[in-house]
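One structure is given here, and the rest of the page talks about it.
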Amino acid sequence: MRTTAAEATGPHFANRGAIKLPSGHMTKRSLTLLGVLFLTLTACAGSGESETTAPTGPAVYVRNLVYEPADITVEVDQSLTWVWDDDGTVHDVVGDGFRSELQTTGTFVHTFDAAGVYPYVCSIHPTMVGTVTVEAGG
Ligand SMILES: [Cu+2]
């Protein structure tokens, strides 16, 4: 399986390099990431939306003036990717401790290093809100 998204984005690559834990833990985490990716791809295929480059971990899609899903749960030190897919409409992702550029395409990756609930918003569209729940890793 090719991982073009991981090769193209620095934060992903750096994060992958940082995961040099005992093999048992890494295997469990890798399986979890694969599971999330599978579910994401399945959901997208069902919706009939055009596909952009799929991230390798948990992802939130920025399209139709909403974040999909609006609420997502990740683990501490797990990278979350936002994927812009809204036909050129400009959006950003602004939360406490993380902020993307205003952009119309591409991705934004953030790795949460502390458990908690992180609400965020689009600075252009106040009705665009989302929440990232970060849980301690297993
Ligand atoms: Cu917006």
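With this note's numbering applied, the sequence shown corresponds to residues 110 to 247, in that order. The beta-carbon is built from N, C-alpha and C at its ideal position, and this holds for glycine as well.
Beta-carbon separation (whole angstroms), residue i vs residue j, contact threshold 8 Å
i: S201; j: L211; result: This sequence places Asp at residue 201; Ser is not what is there. With 8 Å as the limit, D201 and L211 qualify as a contact, their Cβ atoms being about 5 Å apart.
i: T190; j: G166; result: 6 Å
i: V192; j: P164; result: 6 Å
Three-state secondary structure assigned by DSSP to residue i
i: T240; result: strand
i: E177; result: strand
i: F221; result: coil
i: Y229; result: strand
i: V203; result: strand
i: Q212; result: strand
i: R172; result: strand
i: T190; result: strand
i: T198; result: coil
i: V183; result: strand
i: H234; result: coil
Reference residue i; option with closest CA among the options
i: G206; options: G215, V169, E244 and T220; result: T220
i: D180; options: A245, P228 and I233; result: P228
i: G225; options: I233, E244, P235 and C231; result: E244
i: E177; options: V169, E184 and V183; result: V169
i: V203; options: P164, G246, V171 and T182; result: V171
i: T213; options: A163, V238 and I233; result: I233
i: R208; options: W193, V230, D222 and A223; result: V230
i: D222; options: D194, V183 and T198; result: V183
i: Q187; options: V218, V238 and G239; result: V218
i: V238; options: P164, G246 and L174; result: L174
**Report entry** Exercise answer, beta-carbon shell around ligand 1 heavy atoms below 6 Å
**Finding:** Result: H200, C231, I233, H234 and M237.
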